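Below is one structure, written out as structure tokens; the observations come after it.
Protein chains in written order, with this note's numbering: chain W, 57 to 519; chain A, 17 to 469.
Written as structure tokens, this is what we have:
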């Protein structure tokens with residue numbers, strides 16, 4: 057059953073990367089075989105949790121030993137405008153007896169306790185490796201519990217060992233498609249309703265974009281899953297258009313919603329100025345195509361013109377300070393090129409960018425922007441990256457938390473642009489903020505002090 | 017004396033507990049030039065990695081055998097072999113520390129047997145130390161994983177010997193000591209002219225220093241060779257009840273005597289430690305520490321006003337709970353809520369009515385009306401809901417800086433902690449107001465002078 061699901065999500069017709077593969081390649085799936093002693097990524101459970109945890113008002117219950125929830129809960133920056141329930145850690149914390157006798161009853165009792173005490177609109181139950189191995193059937197338990205407690209109890213069947221984070225994202229999407237989306241009808245809908253899919257509202261960055269949409273009268277009926285509420289997800293099938301945020305992590309949701317509910321979707325991003333503009337235009341185009349009045353286009357263009365000009369003007373204020381600064385851009389899933397253009401506008405030179413998760417078109421686009429000799433790197437070992445900064449071949453590192461020490465331990469500045477970041481970088485506002493953060497990092501007076509050797513070392517060097 | 021109660025809930029809400037394997041991995045991070053590795057799905061390592069990185073603000077050396085579903089069902093021993101070879105080729109550590117996880121324990125991989133065989137097939141790797149420890153996720157907790165890893169290191173590496181080096185002492189330290197505590201411990205023992213081997217020594221690796229060059233393995237810690245020679249010391253001092261099995265193992269292997277101090281914080285605990293070192297070395301307690309002792313006494317005098325009668329709620333692993341709870345008791349505060357993660361012989365001696373093996377939901381329920389809540393960073397939501405003062409202690413501390421440098425060992429550590437917590441409690445003191453002393457509710461009709469009707 058789970059294996060069928062996995063094959064299904066691997067064979068994703070909506071994914072251009074997948075479609076460019078041969079049959080044999082496709083069967084292997086999106087994730088490279090993991091190398092013992094040489095892997096470092098998250099597991100499928102991690103991916104499923106990342107994708108669904110931002111649904112704010114439900115209880116997220118992890119069925120497994122303490123490691124899966126105890127070592128990781130409440131550690132992501134998804135923000136909520138209302139309920140904080142999603143930040144409560146629920147787990148069955150199974151023990152040796154459960155492993156021997158099975159943990160299904162334990163799980164059922166746990167669901168009951170959660171409902172009795174917290175009464176959430178739904179409970180999401182996450183499968184993990186150990187109960188999967190001993191054969192706990194969480195789908196059956198959830199079904200029985202749904203009937204008993206007349207409340208949606210959603211099984212999320214993505215135990216860690218079936219694959220990497222990316223696969224978990226997709227399996228989470230399948231859970232929403234199978235059990236949540238389309239199960240409730242909204243009170244009303246408007247021609248201006250859209251869903252945003254694959255946006256997790258890290259550091260609240262959805263709220264950098266929402267005012268733009270609000271201004272146009274466009275209603276985000278549901279963001280899957282950043283700052284989402286359960287009923288919004290259940291009713292999301294009545295939106296007129298879907299925007300799928302670029303990471304492709306939830307492409308299956310967008311494509312199947314098109315198939316089942318005839319909601320057209322496009323793949324876009326709010327990361328970077330040109331991307332934000334492009335996305336606003338696409339949203340407008342799709343809404344008009346679906347019956348929204350033509351005049352929306354004019355208003356959108358007016359807003360774009362105004363906000364783009366404002367953003368470029370604010371970025372230009374930094375240009376004289378940032379001109380010629382060399383940036384090493386090392387991102388995970390986000391489209392590098394859309395950031396590259398903003399950095400270039402700020403006068404910076406991108407000395408290298410990772411393309412590990414980029415598609416072929418992405419790479420073409422990077423060449424277009426950065427020139428033929430663009431330094432695209434599939435992967436850079438920590439040692440190589442460390443060396444780059446040791447030899448000062450770049451002035452600042454933009455990356456996720458894990459590689460920060462390559463720069464910092466060489467007394468070189470680093471700007472966090474990944475999951476656990478404290479700053480929001482979405483939309484026009486976000487790109488201005490990113491440039492500002494780079495400026496702050498580069499021009500901190502502390503660097504001069506740190507890089508100066510101790511007096512005795514200088515004396516010794518002279519002697 | 018207290019009653020130890022196990023929570024009877026089916027669902028753990030807001031876990032206090034973390035799992036054994038990452039406790040074991042952190043112990044291995046206290047060994048020099050080491051690569052800790054979890055035998056499990058790659059996610060097991062990824063979660064630990066993120067957790068430690070956010071606590072220490074350091075790059076974390078930690079690998080995985082990357083068990084897939086198929087490998088898990090068929091048995092993952094080959095994954096251990098290829099992981100070792102791979103790590104050896106890429107990072108060339110002096111030692112690989114292997115912790116099992118829930119998945120591999122459910123299958124029941126015989127890792128010890130496999131490693132024996134591996135040694136025979138790969139004599140070229142004889143210089144590479146391998147230590148394996150069984151740490152299933154579905155049993156015990158973080159502290160136990162640490163303790164078992166240290167015990168395995170002693171059993172696997174320390175060599176039997178009858179030679180004794182004069183002036184040499186071992187410390188076996190529990191996971192309730194920070195990098196700063198270990199650094200202080202080393203400084204104290206050096207001031208007696210003693211040469212100390214501290215196992216594990218996260219002050220060398222996780223203290224946040226700038227290395228001269230890049231290494232994917234640990235940046236410092238106890239050298240493997242020093243562990244091999246631990247039998248030559250005159251005495252082993254174990255800090256924390258969790259270190260008893262490791263101390264016993266060392267004793268049975270090398271015949272070396274040990275003493276165990278179950279506390280590191282407070283005047284009496286420090287007196288005992290320094291007196292022991294003084295007797296061992298034949299040196300008087302240095303003037304510096306006599307002066308610090310006097311400063312600690314003064315700090316206690318200055319701050320005891322704010323501790324007396326205060327109600328304290330603590331959520332911590334057994335040894336940390338014992339250390340801090342006993343200290344509060346000495347200062348006149350009352351431990352009104354104590355929640356911990358697993359069993360320990362010390363729990364029954366805790367100076368409070370009850371110790372609950374439970375979670376942060378339990379602690380939150382029991383903390384209402386307390387003056388101070390103490391637990392790791394995950395207590396932040398509860399503290400905000402209850403609107404009470406909150407002190408982060410233990411691991412993880414991911415929303416404050418400098419967790420590795422918080423000192424509570426020695427006179428200086430106790431002095432600084434007395435002030436820090438005294439200040440927190442002082443800030444809680446309520447100002448008196450006109451309505452601070454209302455009379456008890458009386459029968460108004462009977463006494464009111466202008467009662468009507």
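Beta carbons: idealized from backbone N, C-alpha and C, even for Gly.
Predicted model, so just to flag it, every value in this text is computed and none were measured.
Looking only at A:95, A:123 and A:105, the smallest Cα-Cα distance to residue 114 (chain A) is reached by A:95. Cβ neighbours of residue 100 (chain W) within its own chain (closer than 8 Å, five residues either side excluded): 214, 215, 216, 217, 218, 219, 220, 221, 223, 224 and 227. Residue 269 (chain A) has a beta carbon lying at 8 Å or more from every beta carbon in chain W.
Inter-segment contact for the stretch 164 to 177 of chain W and the stretch 204 to 212 of chain W is present: three or more beta-carbon pairs are separated by less than 8 Å. Below the 7 Å Cβ cutoff, chain W contributes 217 and 218 as neighbours of residue 85 (chain A), in chain order.
Using a 10 angstroms sphere on the CB of residue 86 (chain A), the tally of other CB atoms stays under 16, which defines it as exposed. Closer than 8 Å to the CB of residue 514 (chain W) there is not a single CB belonging to chain A. Your pair residue 82 (chain A) and residue 95 (chain W) checks out as a contact, with CB atoms roughly 4 Å apart and the cut at 8 Å. Counting along the chain, the unbroken alpha helix (DSSP H) around residue 61 (chain W) starts and ends at 58 to 66.
In the structure shown, residue 173 (chain W) adopts helical secondary structure according to DSSP, grouped into three states.
Around the beta carbon of residue 19 (chain A), fewer than 16 other beta carbons sit within 10 angstroms, so the residue counts as exposed.
Scanning chain W for C-beta atoms nearer than 7 Å to the C-beta of residue 64 (chain A) yields 127, reported in chain order. DSSP places residue 405 (chain W) in the uninterrupted beta strand (DSSP E) bounded by 405 to 410. Residue 30 (chain A) and residue 125 (chain W) have their C-alpha atoms roughly 9 Å apart. Comparing alpha-carbon positions, the option among A:247, A:32, A:46 and A:313 lying closest to residue 171 (chain A) turns out to be A:247.
For residue 45 (chain A), the closest of A:445, A:68, A:129 and A:388 by C-alpha to C-alpha distance is A:68. Residue 495 (chain W) sits in a helix when the DSSP states are folded into three classes. Taking the beta carbon of residue 278 (chain W) as reference, no residue of chain A falls within 8 Å; the closest one sits roughly 26 Å away. Segment contact: the stretch 369 to 381 of chain A against the stretch 293 to 307 of chain A, fewer than three CB-CB distances shorter than 8 Å; contact not assigned. Taking one beta carbon from each stretch, the stretch 313 to 328 of chain A and the stretch 256 to 275 of chain A have fewer than 3 pairs nearer than 8 Å; the two do not touch.
By the rule that beta-carbons nearer than 8 Å mark a contact, residue 439 (chain A) does not touch chain W. In terms of beta-carbon proximity, residue 102 (chain W) lines the interface with chain A, with at least one pair separated by less than 8 Å. Sequence-distant Cβ neighbours of residue 76 (chain A) in its own chain, meaning closer than 6 Å and more than five residues away, are 65, 68 and 69.
In the structure shown, residue 169 (chain A) adopts helical secondary structure according to DSSP, grouped into three states.
In the three-state reduction of the DSSP assignment, residue 391 (chain A) falls in the strand class, which pools E and B.
Residue 168 (chain A) is not a Cβ neighbour of residue 189 (chain A), given a cutoff of 8 Å. Residue-level contact check: residue 111 (chain W) does not touch chain A, since none of the beta carbons of chain A fall below 8 Å from its beta carbon.
Along the stretch 379 to 394 of chain A, the positions whose C-beta sits under 8 Å from a C-beta of chain W are 394, read in chain order. An exposed status is given to residue 345 (chain W), since fewer than 16 other beta-carbon atoms sit within 10 Å of its beta-carbon. For the stretch 176 to 252 of chain A, the continuous beta strand (DSSP E) assignments of 3+ residues that do not extend past its boundaries occur at 184 to 189 and 211 to 215, in sequence order. Sequence-distant Cβ neighbours of residue 17 (chain A) in its own chain, meaning closer than 7 Å and more than five residues away, are 364 and 365. Judged by beta-carbon spacing, residue 386 (chain W) lies within the 8 Å limit of residue 459 (chain W), meaning their Cβ atoms are closer than that value. Put simply, the stretch 401 to 415 of chain A does not touch the stretch 57 to 64 of chain A. Fewer than three CB pairs are less than 8 Å apart.
About 39 Å separates the CB atoms of residue 108 (chain A) and residue 151 (chain W); that is not less than 8 Å, and the two are not in contact.
Annotation for residue 239 (chain A): 48 place their beta carbon closer than 6 Å to its own, counting only its chain and skipping 5 residues before and after. Taking CB atoms only, residue 183 (chain W) has no neighbour in chain A less than 8 Å away.
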